[in-house]
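Visitor: What follows is a single structure, and I will ask about it in a moment.
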Amino acid sequence: MSGKSVPDRNNYPDARASPVGIARAEADYQRFRFAYLEVARIDPTNEVGLAMIGADMDRAHAQLQALTGLPMLPFTQGPSAVFRREAQRLAPAHEHEE
Numbered sequence: 060m061s062g063k064s065v066p067d068r069n070n071y072p073d074a075r076a077s078p079v080g081i082a083r084a085e086a087d088y089q090r091f092r093f094a095y096l097e098v099a100r101i102d103p104t105n106e107v108g109l110a111m112i113g114a115d116m117d118r119a120h121a122q123l124q125a126l127t128g129l130p131m132l133p134f135t136q137g138p139s140a141v142f143r144r145e146a147q148r149l150a151p152a153h154e155h156e157e
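Numbering of the sequence shown is given in the numbering used here, commencing with residue 60 and proceeding in unit increments.
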């Protein structure tokens, strides 16, 4: 052997994750994402509701990342923080449409 270690295939989470589990985690994340946008559109002052849904969305996103083998980087923001900024940016545009 050349001295290089061969990666153990059992260490790859995505190889062990079932497609059904990944699909379920993706559906959970999309459901929380839709709920967050809906609350942000209807009642953007509902900070408690947005925080609760945002926390659920972050957990669903972390679960999806874990199933697909993507590490959570320590310097990245949670998806709910990114989504909150996007929803706030889009809110004034929707107010003028109605």
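Yeah, the Cβ is synthetic: ideal placement off N, Cα and C, and Gly gets one too.
Note down, in chain order, each residue of its chain lying with its Cβ closer than 8 Å to the Cβ of G80, except the 5 sequence neighbours on either side.
Guide: Within the same chain, G80 has close Cβ partners L126.
Visitor: For the alpha helix (DSSP H) holding A99, just list the boundary residues, first then last.
Guide: Start and end: P78 to I101.
Visitor: Looking at the structure shown, is L123 part of a helix, part of a strand, or coil, going by DSSP?
Guide: Correct three-state label for L123: helix.
Visitor: Determine whether the beta carbon atoms of A42 and I112 lie at a separation below 8 Å.
Guide: Given that the chain is displayed from residue 60 to residue 157, the structure contains no residue 42 and the question cannot be resolved.
Visitor: Please list, in chain order, all residues of the same chain as D115 whose beta carbon is under 6 Å from its beta carbon, the five residues on each side excluded.
Guide: Closer than 6 Å at Cβ, skipping near neighbours: F91.
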